[in-house]
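Please read the structure below before turning to the comments.
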Amino acid sequence: MHSKSSLIREWTKNKVLFLMVLPAVLYYFLFSYLPLAGMVLAFKSYRFDSGIFGSPWAGLRNFEFFFKSGKAWLITSNTVVYNVAFIVSGLILQLLVAIVVAEAAGRYVKKFMQTTLLFPFFLSWVVVGSFVYNLFNYDFGSINGMLKYFGIGSVDFYGNTDYWEYILVFFNNWKYIGYNSLIYLAVIVSIDRSLFEAAEIDGASIFQRIRTITLPLMIPTIMILLLLSIGNIFRGNFDLFYQIIGNNGLLFDATDVIDTYVFRSLIHSQDIGMSAAAGLYQSALCFAIIMLSNFIVKKIQPDYSLF
Amino acid sequence: MRHRSKDRALFQVLGYLYLGCLSLACLLPLWLIFSGSFSSEEDVIRHGYELLPRNLSVAGYKMMFEAPEAIILSMTVSVALTAVGVACGVFLTAMTAYVIQRRDFKYRNVISFYIYLTSVFTGGLVPWYIMMVNTFHMRNNFLALIIPLLFNVFYILIMKSFFRSIPDAIVESGKIDGAGEFTIFLKLVLPIAKPGLATISLFIALAYWNDWFSAMLFISRDNLIPLQLFLYNLVNKAEALNNLAGKTGIPMTELPKETVKLSMTVLVITPIMFVYPFVQRYVVSGVTLGAVKG
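Protein chains in written order, with this note's numbering: chain A, 581 to 887; chain B, 720 to 1013.
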């Protein structure tokens, strides 16, 4: 009763503020919380005429079907392994960019680097897909053209799973290197210059300076970004995988992630109950790992925790 | 002293080598697309896409302008989508962020949590898709392109930390002058927040201009297909190419199939290239703002 009356008091006091935040509250209710309730689909056998909540219950059959399909383990491990590869390669490449740009580059080089490396961030994944087609196409692809020029035979990239791990890692880095290195660069720039000067007077070489001053001071940021990306380790980057691999079934064993699998089961095979079960499985994994990583972030640096 | 400058030189050489390789890797795919789009179809079929066109040809571009209606329509959809999306998205994001950072608003933490929770725990694609289609009737609806990207927790956070840097005294002075909350927000706070607004405008504009996913899920009618999906169909679906050929009246065998795909890609990149030099710095400021969470 008490809380109710205080709500009314707050409402009369801040009526306009309530109204200003209302669109967001409604939006998240309709497009996030209602679908959250719609997760019961995973336990139903969906019928178009009876809707989500009217469809008959199916118990755990959808999950049984999903786990027995043999795909559950494959897509989960693919998702995790790709994300680990993206995180590790990204961290090393971006750190190097930030350090080199901060330490060595003159103003114009800095500007030029930022301009070229950030540009891919502005392009859509559809355009990236078009690049990949242009590079790896069997008949006209630039890579095969080059191989032919050097007297090596053409490689059938689209019929062979060996190369796509590298291609995906390459384009993921290609897209985000400029953007993410900006974060590290911002940290390096904020380091107190007098530390560097003191090191220089003491006769430290540039490599020693980076190892003993720059890197240790960046560790908090690195840790936070790492933990945040670990929180997303069960989420596949749908745009990346779908635009580069598409619906090429020959490559699925090496490249299928949870997100692409759910999408295909929903749109192409119309297997709604099972795809909802796979989606719920992913949501639960995501939730658990985010709670865990957030817990750790909070321990290390409470300012950076999500909640 | 000499020892140290030798280290410095080594670092410079290695560093520039590294940056040079990266720049090349970033620019090469773009260059190959440009060069390919100006190559003749026979050269592409015989030799593949190359660093420089053997014979300059604009057949791919010419073909797009033979029957420009579909492309112009898609471009209009994309422009309208971006304009409406940015206008609504920026205003709503700013308004929401402003309220949840007001210290005298008692429920700010409850509402913040209500909003953040959605980024942590989602229902996944399937229930969302079913509801968008069946409950909200979003199939072939312009709103289906707007709604999915309208709010984003990250942009709310950026704006929130931006508003935090505005002194409370400004809101107070507005109150003393007898202005209502909404007027204070609109007339006093928003003008000061312009740099922050510019940053999230850029992010939101980019998200709408580059979006293809909502269109692929919900749009099948030709007159609502944005540019990105148009390009996707052209590159990936033979029937899209046939459609274009049918409209131009060029026989399928004479169609510059490969170069037209590249020309279309160039056409999609071009607007971004023109605005890029002017908006690049807002991304930089967005990163710095986003890094300090309010």
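Ideal Cβ placement from N, Cα and C applies to all residues, glycine included.
Nearest-angstrom Cα distance between B/G1013 and B/I877?
-> With a pLDDT of 32 at B/G1013, under the threshold of 50, the modelled position of this residue cannot be trusted, and the question is left open.
Looking at chain A, which residues of the region 751-777 of chain B have a Cβ within less than 7 Å of any of its Cβ atoms?
-> L751, I752, G755, V763, I764, H766, G767, Y768, E769
Distance between A/Y743 and A/F666 (C-alpha atoms, nearest Å) = 16 Å
Cα-Cα separation between B/V839 and A/Q850, rounded to whole angstroms | 27 Å
Under 6 Å Cβ to Cβ from A/F737, same chain only, skipping five residues before and after it: list those, please.
-> F716, Y743
Given 8 Å as the limit, is there contact between the region 727-745 of chain B and the region 863-871 of chain B, that is, 3 or more CB pairs closer than that?
-> no
Limits of the alpha helix (DSSP H) - the one that A/R844 falls within = 838-847
Quick one: grab the DSSP three-state call for B/V1011.
-> For B/V1011, the pLDDT reaches just 47, beneath the cut-off of 50, and the residue's location in the model is therefore unreliable, leaving the point undetermined.
Could you give the C-beta distance for B/I944 and B/V796, rounded to a whole number, given that I count them as a contact under 8 Å?
-> 6 Å
Cβ-based burial, B/P748 [other Cβ within 10 Å; buried from 16] = buried
Mind checking if B/I865 is an interface residue toward chain A, Cβ cutoff 8 Å exclusive?
-> no
Leaving out five residues on either side along the sequence, give the residues of the same chain with a beta carbon under 8 Å from the beta carbon of A/A540.
-> Nothing in the structure corresponds to residue 540 of chain A, since chain A is present only between 581 and 887.
B/S920 and B/V809: beta carbons closer than 8 Å?
-> yes
Of all Cβ atoms in chain A, is any one closer than 8 Å to the Cβ of B/L868?
-> no
Please go through the same chain and pick out, in chain order, the residues whose beta-carbon is closer than 8 Å to the beta-carbon of B/H766, but skip the five residues on each side of it.
-> R773
Taking Cβ positions, are B/E689 and B/E958 nearer each other than 8 Å?
-> Because chain B here runs from 720 to 1013, residue 689 of chain B falls outside it and cannot be looked at.
In the DSSP assignment, find the alpha helix (DSSP H) that holds B/H766 and state where it starts and stops.
-> 760-766
Local conformation of A/W637 per DSSP, three classes | strand
Cutoff 8 Å: A/A604 Cβ touching any chain B Cβ | yes
Buried or exposed for B/K725, please, with buried defined as at least 16 other CB atoms from any protein chain shown within 10 angstroms of its CB.
-> exposed
Interface partners of B/P846 on chain A, CB under 7 Å | P615, G618, M619, L621, I632, A856
Please list, in chain order, all residues of the same chain as B/I830 whose beta carbon is under 8 Å from its beta carbon, the five residues on each side excluded.
-> V818, I819
Measuring alpha carbon to alpha carbon, tell me which of A/L762, A/L830, A/Y607 ends up nearest B/R1000.
-> A/L762
Nearest candidate by alpha-carbon position, reference A/F702, set B/P970, B/A924, B/T967, B/L974 = B/A924
Let me know if B/P975 comes out buried or exposed under the rule of 16 or more other beta-carbons within 10 Å of its beta-carbon.
-> buried
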